[in-house]
Amino acid sequence: MSDPGEPRSDARHDDEGGEGLPPVQPVQPVPPVVPGRPGRAPARPVLIVAAAAAALILTVGAGIGGWFLMRDASEKGSTSDPQERDVAVFFCAASSSNPDCGHRDAEQAQKDAVRKRLREMNGVMIVKYESKEQAYENFKKTFADRKDLLDGASPGDIPDSFRVHVTDIGVAKAVKSQFEGTPGVDAVVISTLGKA
């Protein structure tokens, strides 16, 4: 320590006023670092094209799916039990957007296995096969006034399926849970009578 009579040193202590030191500069925020891709164009146009393609696929798929739900309504009467349901088990087609299908048609052995399992299930009343050709012809009849849908579909786009009539919604849900994800099956759709 120093005597009271000695001059002060240049050292600053916490209890001193900080005289003689430069003023403190405010800290400027650092902008976030965004990694760039030197020499490459941004990926945004690719994303926009991909989103547009996905929207187109969903629109066509919704139209075809809606057709499947509506097409048999006029062919069936209303004398059935209101608990009964129709279920459509659609097979993979080369045009399917389901990644499990691998852009391939279901094999005949896969279809035969599905038919066998369906016929063995309790509560399944009717199992009827609808070929791609039959499905396409029914599609054309149902949407005869919708040129936009007809122009976007060809016979290979409409999958073949089993049309299954079951006793109640519980059996319909059991069919759906048993066959979704089965090799060769694209989708399973439950509907009220006359809508599958």
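At position 31 of the sequence shown the residue is numbered 450 (this note's numbering), and the sequence of numbers has no breaks. All C-beta atoms in this analysis are idealised placements derived from N, C-alpha and C, irrespective of residue type, glycine included.
Contacts around residue i, its chain only, beta-carbon distance under 7 Å, and the 5 residues preceding and following it disregarded
| i | result |
| --- | --- |
| S514 | G575, D576 |
| E549 | D579, S580, R582 |
| R538 | V546 |
| R523 | C511, A513 |
| Y555 | P574, I577 |
Supposed contact pair residue j and residue i - C-beta distance, whole angstroms, cut 8 Å
| i | j | result |
| --- | --- | --- |
| V608 | A507 | 5 Å |
| K560 | L569 | Not really, about 11 Å apart at Cβ, beyond 8 Å. |
| P602 | Q553 | Contact doesn't hold; Cβ gap of about 23 Å is too wide. |
| I588 | R504 | 6 Å |
Coil, strand or helix - residue i by DSSP
| i | result |
| --- | --- |
| A554 | helix |
| S514 | coil |
| V598 | In the sequence on display, residue 598 carries Phe and not Val. Three-state DSSP puts F598 in a helix. |
| T561 | helix |
| A525 | coil |
| E539 | helix |
| A572 | coil |
Beta-carbon proximity check, residue i vs residue j, cutoff 8 Å
| i | j | result |
| --- | --- | --- |
| M544 | T586 | yes |
| M540 | V594 | yes |
| N517 | A606 | yes |
| R534 | V546 | yes |
Closer than 7 Å: residue i CB and nearest the ligand FMN heavy atom
| i | result |
| --- | --- |
| A554 | This structure does not include the ligand FMN; it has no bound ligands of any sort. |
Sheet register partners of residue i (DSSP bridge)
| i | result |
| --- | --- |
| R504 | V585, T611 |
| E546 | According to the sequence displayed, residue 546 carries Val and not Glu. DSSP lists V583 as partners of V546. |
| V604 | F510 |
Cβ-based neighbour list, residue i, same chain, cut-off 8 Å, excluding 5 preceding and 5 following
| i | result |
| --- | --- |
| G600 | D519 |
| Q502 | T586, D587, I588 |
| K551 | A512, P574, G575, I577, P578, D579 |
| Q597 | R536, M540 |
| G542 | V585, T586, D587, G589, V590, A593 |
| G521 | C511 |
Sequence-distant residues of its chain with Cβ nearer than 6 Å to residue i (five each side left out)
| i | result |
| --- | --- |
| F509 | P578, S580, D605, A606 |
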